[in-house]
Amino acid sequence: MFKKILIANRGEIACRVIKSARAMGIKTVAIYSDADRNALHVKMADEAVHIGPPPANQSYIVIDKVMDAIRQTGAEAVHPGYGFLSENSKFAEALAAEGVAFVGPPVGAIEKMGDKITSKKIAQEAGVSTVPGYMGLIEDADEAVKISNEVGYPVMLKASAGGGGKGMRIAWNDEEAREGFQSSKNEAKNSFGDDRIFIEKFVTQPRHIEIQVLCDSHGNGIYLGERECSIQRRQQKVIEEAPSPFLDEETRKRMGDQAVALAQAVDYASAGTVEFIVDGDKNFYFLEMNTRLQVEHPVTEMITGVDLVEQMIRVANGEELTIKQEDVKLNGWAIESRLYAEDPYRGFLPSIGRLVKYRPPEELVQADEVVRNDTGVFEGGEISMYYDPMIAKLCTWGPDRATAIEHMRNALDGFELEGIGHNLPFLSAVMDHPKFTSGEMTTAFIEEEYPDGFEGVELDRDAIQRIAASAAAMHRVAEIRRTRVSGRMSNHERKVGAEWVVNIQGEDIPVEIEADHDGSTVHFDDGRTHRVASDWTPGDSLARLNVDGSPLVLKVEKITQGFRIRSRGADLIVRVRSPRQAELAALMPEKVAPDTSRLLLCPMPGLIVNVAVAVGDEVQEGQTLCTVEAMKMENILRAEKKAVVSKVNAAAGDSLAVDDVILEFE
5 MFKKILIANR GEIACRVIKS ARAMGIKTVA IYSDADRNAL HVKMADEAVH IGPPPANQSY
65 IVIDKVMDAI RQTGAEAVHP GYGFLSENSK FAEALAAEGV AFVGPPVGAI EKMGDKITSK
125 KIAQEAGVST VPGYMGLIED ADEAVKISNE VGYPVMLKAS AGGGGKGMRI AWNDEEAREG
185 FQSSKNEAKN SFGDDRIFIE KFVTQPRHIE IQVLCDSHGN GIYLGERECS IQRRQQKVIE
245 EAPSPFLDEE TRKRMGDQAV ALAQAVDYAS AGTVEFIVDG DKNFYFLEMN TRLQVEHPVT
305 EMITGVDLVE QMIRVANGEE LTIKQEDVKL NGWAIESRLY AEDPYRGFLP SIGRLVKYRP
365 PEELVQADEV VRNDTGVFEG GEISMYYDPM IAKLCTWGPD RATAIEHMRN ALDGFELEGI
425 GHNLPFLSAV MDHPKFTSGE MTTAFIEEEY PDGFEGVELD RDAIQRIAAS AAAMHRVAEI
485 RRTRVSGRMS NHERKVGAEW VVNIQGEDIP VEIEADHDGS TVHFDDGRTH RVASDWTPGD
545 SLARLNVDGS PLVLKVEKIT QGFRIRSRGA DLIVRVRSPR QAELAALMPE KVAPDTSRLL
605 LCPMPGLIVN VAVAVGDEVQ EGQTLCTVEA MKMENILRAE KKAVVSKVNA AAGDSLAVDD
665 VILEFE
């Protein structure tokens with residue numbers, strides 16, 4: 005077995021590989037850029053080598069720099085993780101020339117299947133059903149428009165060497181095809197060093213289901229079930245699960261057999277994933293093969309008990325698979341939620357900054373519950389603008405789907421994260437969405453269910469009353485604590501009343517609290533009561549309560565006359581006032597938001613790629629104004645209405661913060 009492995013990656017996947025290597029007794033080498041000098045993967049590895057500036061195209065995807073790190077440390081093998089150089093055949097060739105093992109498939113398999121265009125042709129020749137499209141190279145935007153018309157809108161423009169949603173655009177007309185072609189090329193070049201683009205028909209209302217395969221160099225190949233990856237945003241997966249709630253055993257076997265046959269046709273040896281689009285009648289169409297470890301591999305590990313990273317290392321070492329197809333049993337259900345540094349209240353735009361608080365739920369391994377958190381960050385660390393916005397992958401397992409979802413709800417409720425915008429509220433909202441809980445979602449789920457973006461969750465009456473009762477009980481505890489401050493004047497004793505008014509979701513709710521040593525009974529005007537018990541003390545940011553015998557976890561932040569409370573995707577300002585305070589508060593005028601209708605504000609921290617207008621230009625609704633790049637993604641900002649540009653405050657190459665003014669209008 006190898007004695008030392010270099011991980012040619014960063015972040016959570018580098019940390020993940022280090023864990024398996026450590027369990028196998030293998031020493032590890034990390035590489036890092038200037039931005040990652042203090043990163044978690046650097047601290048976890050046995051050795052670390054600096055390889056350059058923050059941009060990936062000057063560090064992590066520069067083959068010569070990675071090869072230098074290998075020579076410096078004497079690493080015998082390299083695990084590429086995903087992204088970066090993981091599907092780069094030139095990198096695999098460089099390793100082979102150096103006599104270093106590549107923990108991945110052979111060069112030939114990477115070239116044939118890692119390239120999206122070539123893999124489509126091979127699949128077609130093998131008789132695999134594929135989505136209609138144009139597999140040749142596309143020279144320019146004009147040709148992209150022509151091909152798009154021939155294929156028929158809508159179309160998908162995809163980077164040949166890409167993955168993870170990078171270099172992908174959906175176009176519904178000529179203008180979008182033209183713009184999408186250029187943006188896809190730019191993203192592909194920056195992320196993968198390869199700007200080739202192909203076009204295929206975009207199948208509406210599909211499910212995205214993929215098969216995990218594992219092959220060795222001795223001709224053995226198996227599949228380890230499927231993963232449902234239909235909850236996507238901008239073609240980037242957000243929530244995955246295994247198995248799929250849609251497939252039956254017969255369809256699973258046909259897809260699995262086909263995936264293994266396709267892998268073996270190119271002498272594949274390692275872990276890999278064959279992706280399919282599946283329609284409502286369970287017809288499936290080959291999309292692509294990812295010749296690497298997938299981001300969402302943990303859910304497969306959790307239902308099969310197979311450590312995929314360990315298996316990849318063993319296969320790279322020339323070992324034969326010890327697992328047969330008949331040995332693969334799917335046990336229970338697993339859910340993965342990708343926690344991103346993206347603000348759901350600002351159209352999921354990237355957010356960067358320091359993690360002022362990062363406290364994930366406790367990892368568990370129990371008979372009926374598993375909680376796993378794969379991450380590459382830590383409290384006090386920084387989310388950089390140079391890399392993917394993923395913070396962590398939170399995974400839960402249960403004996404069935406409903407239980408796994410309930411475990412995920414509780415885990416998300418207990419995940420504390422402050423300092424940056426993040427998608428925790430959105431993930432929580434999905435876990436309670438009827439379409440998701442029923443398993444009837446498609447890849448259009450987010451676009452259909454949140455057409456105007458995510459604006460938070462409106463809780464039902466029962467949930468509101470439970471939270472109102474909890475807030476009142478917590479407020480009473482805080483008030484009692486304040487009355488017991490030492491040094492107070494003896495003739496100024498303060499009594500805590502029993503009657504309060506809770507303002508939540510814009511409604512004043514009168515309550516009366518009857519307290520004892522074991523908790524509080526909170527009475528409402530409608531005759532309902534809730535029994536609240538908790539060991540919460542003022543200052544705790546997480547409140548674990550028991551309301552009417554059921555657990556309730558709330559993220560709590562003290563504010564004037566109440567709390568900011570977050571639960572199940574809802575972000576609530578809850579005021580708890582005396583009746584007189586509530587009466588006076590009702591007379592206060594509401595604060596009016598500033599008028600920004602004549603300004604184009606930068607929606608995220610990022611780099612201006614270009615400004616498409618000049619002073620004096622008249623712009624129309626929907627017209628492109630400028631392009632901002634953040635976290636390897638290009639974002640086109642468009643005019644919301646007809647206007648005339650009066651001032652341009654930014655130019656290509658400028659680095660802007662959130663809400664910096666880019667353009668002003670008359």
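The opening residue of the sequence shown carries number 5 in my numbering; numbering runs sequentially from there.
In this text, a Cβ means the ideal position worked out from N, Cα and C, and glycines have one as well.
The structure presented is a predicted model; accordingly, all values stated were derived computationally and were not measured.
Excluding sequence positions up to five away, which residues of its chain have a Cβ less than 8 Å from the Cβ of residue i?
| i | result |
| --- | --- |
| residue 509 | 462, 463, 468 and 576 |
| residue 7 | 30, 31 and 80 |
| residue 229 | 215, 216, 246, 247, 256, 260, 304, 307, 308, 332 and 334 |
| residue 527 | 515, 516, 517, 518 and 533 |
| residue 98 | 67 and 71 |
Following the continuous beta strand (DSSP E) through residue i, name the residue where it begins and the one where it ends.
| i | result |
| --- | --- |
| residue 502 | Segment: none, residue 502 is in no beta strand (DSSP E) and carries neither H nor E. |
| residue 218 | 211-219 |
| residue 561 | 554-563 |
| residue 631 | 628-634 |
| residue 641 | 637-642 |
| residue 445 | Unbroken run through residue 445: none, as it is neither H nor E. |
| residue 325 | Neither: residue 325 is in no beta strand (DSSP E) and is coded neither H nor E. |
| residue 624 | Counting along the chain, residue 624 falls outside any beta strand (DSSP E), and DSSP gives it neither H nor E. |
| residue 13 | Run containing residue 13: none; DSSP gives neither H nor E here. |
| residue 601 | Counting along the chain, residue 601 falls outside any beta strand (DSSP E), and DSSP gives it neither H nor E. |
| residue 363 | 361-363 |
| residue 335 | Taken as a continuous stretch (DSSP letters only), residue 335 belongs to no beta strand (DSSP E), as it is neither H nor E. |
| residue 651 | 647-652 |
| residue 610 | 610-615 |
Only counting the same chain, and skipping five residues up and downstream in sequence, which positions put a Cβ closer than 6 Å to that of residue i?
| i | result |
| --- | --- |
| residue 107 | 81, 83, 316, 317 and 320 |
| residue 118 | 91 and 295 |
| residue 10 | 33, 74, 79 and 82 |
| residue 182 | 145 and 149 |
Near residue i, what residues of its chain come up, given a Cβ to Cβ distance below 7 Å and the 5 sequence neighbours on each side ignored?
| i | result |
| --- | --- |
| residue 16 | 378, 379, 380, 394, 396 and 397 |
| residue 65 | 88, 89 and 197 |
| residue 348 | 427, 429, 430 and 458 |
| residue 669 | 602, 647, 648, 649 and 650 |
| residue 120 | 162, 164, 202 and 292 |
| residue 262 | 132 |
| residue 109 | 272, 273, 274, 276 and 295 |
| residue 635 | 354, 389, 391, 392 and 393 |
| residue 411 | 373, 375, 400 and 402 |
Are the beta-carbon atoms belonging to residue i and residue j less than 9 Å from one another?
| i | j | result |
| --- | --- | --- |
| residue 313 | residue 21 | yes |
| residue 215 | residue 278 | yes |
| residue 515 | residue 523 | no |
| residue 424 | residue 363 | no |
| residue 475 | residue 566 | yes |
| residue 667 | residue 604 | yes |
| residue 342 | residue 299 | yes |
| residue 627 | residue 616 | yes |
| residue 404 | residue 559 | no |
| residue 264 | residue 226 | yes |
| residue 281 | residue 210 | yes |
| residue 662 | residue 583 | no |
| residue 372 | residue 407 | yes |
| residue 243 | residue 174 | no |
| residue 125 | residue 139 | yes |
Per DSSP, what are the beta-bridge partners of residue i in this structure?
| i | result |
| --- | --- |
| residue 394 | 344 |
| residue 745 | Any question about residue 745 goes unanswered here, given that the chain covers just 5 to 670. |
| residue 227 | 217 |
| residue 372 | Answer is none; residue 372 lacks a bridge partner. |
| residue 587 | BP columns for residue 587 are empty, so no partner. |
| residue 350 | Answer is none; residue 350 lacks a bridge partner. |
| residue 105 | 81 |
| residue 205 | 159 |
| residue 246 | 338 |
Tell me where the alpha helix (DSSP H) around residue i begins and ends.
| i | result |
| --- | --- |
| residue 94 | 93-102 |
| residue 619 | Element bounds for residue 619: n/a, residue is neither H nor E. |
| residue 479 | 465-487 |
Does the distance between the C-beta of residue i and the nearest non-hydrogen atom of the ligand ZN fall short of 8 Å?
| i | result |
| --- | --- |
| residue 31 | Absence of the ligand ZN is noted for the structure shown, with no ligands found whatsoever. |
Just list the beta strand (DSSP E) runs in the region 508-585, keeping only unbroken ones of 3 residues or longer that don't cross its boundaries, in chain order. Under the rule that a run must span 3 or more residues, the beta strand (DSSP E) segments found entirely inside the region 508-585 read 511-520, 523-528, 533-538, 546-551, 554-563, 566-571 and 574-581.
List, from N- to C-terminal side, the beta strand (DSSP E) runs of 3 residues or more that fit wholly inside the region 414-439. Qualifying beta strand (DSSP E) stretches, in chain order: 420-422.
Please list the segments of the alpha helix (DSSP H) lying wholly inside the region 18-73, counting only runs of 4 or more residues, in order along the chain. Taken in chain order, the whole alpha helix (DSSP H) runs of length 4 or more contained in the region 18-73 are 44-48.
Going residue by residue through the region 265-326, where are the continuous beta strand (DSSP E) segments of at least 3 residues, counting only ones entirely within it? Qualifying beta strand (DSSP E) stretches, in chain order: 274-282 and 288-294.
Kindly provide the ranges of any beta strand (DSSP E) runs that are 3 or more residues long and lie completely inside the region 129-196, ordered along the chain. Under the rule that a run must span 3 or more residues, the beta strand (DSSP E) segments found entirely inside the region 129-196 read 159-163 and 172-175.
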